[in-house]
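To start, the structure under review is shown below, and the notes come after it.
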Amino acid sequence: MKNQNKYLYNKRLKILKFAKIIVSEQGFKPDILKVISNEYKLDKNQTNVLFPEGNNDLIKFALDQLNIDLENYCKKLDLIRLPIHKRIRKILLTKILLMKKDKIFYKKIFFNLLIPKKQLPLTSQLYISVDQMWFIAGDTSVDFNFYSKRIILAGIYSRVILFFF
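Residue numbering for the sequence shown follows my numbering, beginning at 1422 and increasing consecutively.
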């Protein structure tokens, strides 16, 4: 089962790599997975199985992968020796650094999330990103501070992202 999951995960990563190129050039189209399949001669049925909800699954996977990359990168840093506000700053700047590699792709994702009729709301993706940052920083709060920290960081993070794009 693990080998099968790893195989499917690697296939999704391959499609994401192609998607970064296509979306950066052409933007998000309703049939972007078909375009990717045609461009790189992939099996259309396989892309539909790997991303059953189309663009929404692709966007969610791309943002989840960005969070995984952020966590892996931050594990290499010695964050525990820093005060909490410097940890958060370092994590936030690291995320910007990771997005800078594919800036146009993430910009198109961000603007796609701003469209109100999309099924992936920006607020839920913002919360997932902010929560991941606090998790990496080692936040253990469980009371009212849990929510207030995330709300404050969401405001800061959204402004930084708008400025970055």
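Each residue gets a CB set at the ideal place from its N, CA and C atoms; glycine is no exception.
Taking its Cβ as the centre, do 16 or more other Cβ atoms sit within 10 Å of residue i, making it buried, or is it exposed?
i            : result
residue 1467 : exposed
residue 1488 : buried
residue 1471 : buried
residue 1526 : buried
For residue i and residue j, I'd like the C-alpha separation in whole angstroms.
i            : j            : result
residue 1437 : residue 1554 : 23 angstroms
residue 1559 : residue 1507 : 12 angstroms
residue 1450 : residue 1501 : 43 angstroms
residue 1408 : residue 1428 : With the chain represented from 1422 up to 1586, any question about residue 1408 goes unanswered, as that position is not in the structure.
residue 1499 : residue 1520 : 21 angstroms
Is the beta carbon of residue j closer than 8 angstroms to that of residue i?
i            : j            : result
residue 1547 : residue 1575 : yes
residue 1491 : residue 1524 : no
residue 1511 : residue 1503 : yes
residue 1453 : residue 1439 : no
With three or more C-beta pairs closer than 8 angstroms as the rule, is the region 1469-1489 touching the region 1443-1460? yes
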